[in-house]
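Since the structure comes first, as structure tokens, the remarks are kept for the end.
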Ligand SMILES: Nc1nc2c(ncn2[C@@H]2O[C@H](COP(=O)(O)OP(=O)(O)OP(=O)(O)O)[C@@H](O)[C@H]2O)c(=O)[nH]1
Ligand SMILES: [Mg+2]
Ligand SMILES: [Zn+2]
Ligand SMILES: [Zn+2]
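Residue numbers (our numbering), protein chains in the order written: chain A, 4 to 272; chain B, 125 to 243.
Rendered as structure tokens:
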């Protein structure tokens, strides 16, 4: 994974400014192998010279990479808690933090929401989000250009999960790597801003393909940058055929209520 | 092969060997002679890198003397319109007959331990 940018070596990262050590899954490093017994077992004739009969075990068991093991664990916890969890991805500066601030303000009183926000460095986005009064955990990834499921497991410890309905994860601004890293979320949200061009969804298909919702942001700037809305929507429909589409401006407030109604209607999955 | 390129496969192979050892022990075996894996070409795992990781990691396991066979699965989608499966050739998963995009990926993301030979 991340062959694109060579970021696969995870370095030290921080949660709310505190350095985090290596994590060991319960059961040691090779944790979470399933306890299912072997499938059909049958011996078969073996080549002469073999001292012991070979036994063929038909297994067909899925193998999970480390990130997916953490992601599945997160997903199980979210389901048990009935928590709706979003993973919000976009290129840098597409407007994630600004939209989330509006979202938190709009949902106040309707949904108890918290945010985990990932950036390479600084607590700036967390500070901006905290002004809404919502609990916010900042993960600073250091060198890593995406969030991983293990970081989310760690950050969850900082939140009072039983008293939450909605957890929003703002991923590191990056249109490539976050597509490959499941965080255990139920709903993936991709943003495209009017200022970054109509063909982004075609240039970076994986991030849009997996999206459950796509938000076209900064619609107030569309005219100034000669944004071709029809072309962008056509590209999005092609790249994200299963996604719900929203068009918002965090500046004028356009589309924010439709987006928030959608969020309020989401169920855990 | 540069080390950084196989980090992902090393993690997958650690999981695979742990799973294989657990299954072998459950059936009372003391050694694994061969492993068979199935990987989809969209699984993000490269067969070559997986072999490399296997050779590097098998030493201290029940599979120390084992061989690894990898079968690759090409991606295919289901088109609800044409009621047919089609092979995926690009990232847009477009049906070659009706040109509608499909989100129903039926094959290509597999990452599984298919079988073991043990004694
Ligand atoms: N005009 C206008 N500007 C916006 C809108 N949304 C965001 N911006 C501006 O775009 C810039 C980037 O917005 P952010 O919300 O920080 O973007 P981000 O996606 O969180 O950025 P990173 O976390 O760095 O990836 C800021 O200057 C925002 O004020 C919008 O709807 N309209
Ligand atoms: Mg931000
Ligand atoms: Zn990366
Ligand atoms: Zn078709």
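Glycine is no exception: its CB is placed at the ideal position from the N, C-alpha and C atoms.
Computed from a prediction, not measured in an experiment: that's the story for all the values here.
Requested in this report: Could you check which residue in 148/A, 195/A, 198/A and 199/A has the C-alpha nearest to that of residue 183/A?
Outcome: On the first chain, residue 183/A is found 180 positions in, with the first residue counted as 1. Checking every option, the nearest Cα to that of residue 183/A belongs to 148/A.
Query raised in the report: So which residues put a beta carbon under 5 Å from any heavy atom of ligand 4, going in chain order?
Result: This criterion selects 203/B, 205/B, 206/B, 219/B, 221/B and 222/B.
Report task. Enumerate in chain order the residues of its own chain whose CB-to-CB distance from residue 158/B is below 6 Å, with the five nearest sequence positions on each side excluded. Result -> Start at 1 with the first residue of the second chain, and residue 158/B comes out as number 34. Cβ within range, chain order: 190, 191 and 241.
Query raised in the report: Is the Cβ of residue 208/A closer than 8 Å to any Cβ of chain B?
Result: Stepping through the first chain from its first residue, residue 208/A is reached at position 205. Closer than 8 Å: yes.
Requested in this report: With DSSP as the reference, label residue 157/B as helix, strand or coil.
Outcome: Walking along the second chain from the start, residue 157/B turns up at place 33. Residue 157/B: strand per DSSP, three-state reduction.
**Report entry** Contact list for residue 140/B against chain A, beta-carbon separation under 8 Å
**Finding:** Residue mapping note: residue 140/B aligns to position 16 of the second chain, counting from 1. Within chain A, the residues 66 have their CB atoms less than 8 Å from the CB of residue 140/B, given in chain order.
Query raised in the report: Any residues whose CB sits closer than 5 Å to a heavy atom of ligand 2? List them in chain order?
Result: Residues whose Cβ lies closer than 5 Å to any heavy atom of ligand 2, listed in chain order: 99/A, 100/A and 128/A.
Query raised in the report: For residue 57/A, which residues in chain B fall below 8 Å Cβ to Cβ?
Result: In the first chain, the residue the question calls residue 57/A occupies position 54. For residue 57/A, the C-beta contacts it makes with chain B under 8 Å involve 157, 241, 242 and 243, in order along the chain.
Query raised in the report: Looking at chain B, which residues of the stretch 75-97 of chain A have a Cβ within less than 7 Å of any of its Cβ atoms?
Result: If the cut-off is 7 Å between Cβ atoms, the stretch 75-97 of chain A has nothing near chain B.
Query raised in the report: Comparing alpha-carbon positions, which option in 180/B, 153/B and 142/B lies nearest residue 55/A?
Result: Reading the first chain from its first residue, position 52 is the one you call residue 55/A. Taking only the C-alpha atoms, the option nearest residue 55/A is 153/B.
**Report entry** Contact between the stretch 136-143 of chain B and the stretch 61-79 of chain A (3+ Cβ pairs under 8 Å)
**Finding:** Contact between the stretch 136-143 of chain B and the stretch 61-79 of chain A is present, because at least three Cβ pairs lie under 8 Å.
Query - Complete runs of the beta strand (DSSP E) confined to the stretch 137-174 of chain A [at least 3 residues] - result: For the beta strand (DSSP E) assignment, the uninterrupted runs of no fewer than 3 residues enclosed by the stretch 137-174 of chain A are, from N- to C-terminal side, 139-143 and 169-173.
Report task. For residue 106/A, verify whether its CB is less than 7 Å away from any heavy atom of ligand 1. Result -> Counted from its first residue, the first chain places residue 106/A at position 103. Checking every heavy atom of ligand 1 against the Cβ of residue 106/A, none is found closer than 7 Å.
**Report entry** Reduced DSSP category for residue 87/B - H, G, I as helix; E, B as strand; rest coil
**Finding:** Residue 87/B lies beyond the stretch modelled for chain B, which goes from 125 to 243, so this question has no answer here.
**Report entry** Per-residue contacts from residue 227/A into chain B (C-beta, under 9 Å)
**Finding:** Mapped onto the first chain, residue 227/A falls at position 224. Against chain B, the beta carbon of residue 227/A has no neighbour under 9 Å; the closest one sits roughly 30 Å away.
Query raised in the report: For residue 146/A, is the classification buried or exposed, using 16 other Cβ atoms within 10 angstroms of its Cβ as the cut-off for buried?
Result: Position 143 of the first chain, counted from the start, is the residue given in the question as residue 146/A. Within 10 angstroms of the beta-carbon of residue 146/A lie fewer than 16 other beta-carbons, which makes it exposed.
Report task. Report yes or no: is there a C-beta of chain B within less than 8 Å of the C-beta of residue 203/A? Result -> The residue you call residue 203/A lines up with position 200 of the first chain. It does not; no Cβ of chain B falls within 8 Å.
Query raised in the report: Straight-line CA distance for residue 223/B to residue 207/B?
Result: In the second chain, residue 223/B corresponds to position 99, counting from 1. In the second chain, residue 207/B corresponds to position 83, counting from 1. Each residue's Cα considered, the two are about 13 Å apart.
Query - Sheet register partners of residue 196/B (DSSP bridge) - result: On the second chain, position 72 is the one that residue 196/B refers to. For residue 196/B, which the question treats as bridged, DSSP gives the partners 163/B.
Query - Amino acids of chain B, ordered along the chain, whose beta-carbon sits closer than 8 Å to that of residue 237/A - result: The sequence position of residue 237/A within the first chain is 234, counting from 1. For residue 237/A, none of the residues of chain B pass the 8 Å Cβ criterion, the least Cβ distance being about 12 Å.
**Report entry** Whole-angstrom distance between residue 145/B and residue 2/A, CA atom to CA atom
**Finding:** The structure shown does not extend to residue 2/A, since chain A is modelled only from 4 through 272, so no value can be given for it.
Query raised in the report: Name the DSSP bridge partner or partners of residue 261/A?
Result: Taking the first residue of the first chain as 1, we reach residue 261/A at position 258. As DSSP reads the structure, residue 261/A sits in no beta bridge.
Query raised in the report: Three-state secondary structure (DSSP) at residue 237/B?
Result: As a working mapping, residue 237/B is identified with position 113 in the second chain. Residue 237/B falls in the strand class under three-state DSSP.
Report task. Ignore the nearest five residues each way along the sequence and tell me which others in residue 218/B's own chain have a CB closer than 8 Å to its CB. Result -> Taking the second chain and counting its residues from 1, the one referred to as residue 218/B is at position 94. The answer, listed in chain order, is 224, 225 and 226.
Query raised in the report: In angstroms, rounded to a whole number, what distance separates the CA positions of residue 196/A and residue 114/A?
Result: Start at 1 with the first residue of the first chain, and residue 196/A comes out as number 193. Start at 1 with the first residue of the first chain, and residue 114/A comes out as number 111. One C-alpha to the other measures close to 26 Å.
**Report entry** Neighbour list for residue 242/A in chain B, Cβ cutoff strictly below 9 Å
**Finding:** Walking along the first chain from the start, residue 242/A turns up at place 239. Under the 9 Å cutoff, chain B gives 215, 216 and 225.
Query raised in the report: Taking 7 Å as the line, does the beta carbon of residue 223/A fall inside it for any heavy atom of ligand 1?
Result: If you number the first chain from 1, residue 223/A lands on position 220. Yes, the beta carbon of residue 223/A sits closer than 7 Å to at least one heavy atom of ligand 1.
Query raised in the report: Do we get a CB-CB distance below 8 Å when we pair residue 127/A with the residues of chain B?
Result: Position 124 of the first chain, counted from the start, is the residue given in the question as residue 127/A. It does not; no Cβ of chain B falls within 8 Å.
Query raised in the report: Are any of the Cβ atoms in chain A nearer than 8 Å to that of residue 197/B?
Result: Taking the first residue of the second chain as position 1, residue 197/B is located at position 73. Residue 197/B does not count as touching chain A.
Query raised in the report: Over what stretch of residues does the beta strand (DSSP E) that includes residue 65/A continue unbroken?
Result: Mapped onto the first chain, residue 65/A falls at position 62. Per DSSP, the continuous beta strand (DSSP E) segment holding residue 65/A begins and ends at 58-65.
Requested in this report: For residue 238/B, return the contacting residues in chain A, with the cut-off set at a CB-CB distance below 7 Å.
Outcome: Position 114 of the second chain, counted from the first residue, corresponds to residue 238/B. What residue 238/B touches in chain A: 62 and 63.
Requested in this report: Look at residue 220/A and residue 253/A and say whether their C-beta atoms are less than 8 Å apart.
Outcome: Here residue 220/A refers to the residue found at position 217 when the first chain is read from its first residue. Here residue 253/A refers to the residue found at position 250 when the first chain is read from its first residue. Here residue 220/A is near residue 253/A, since their CB atoms are less than 8 Å apart.
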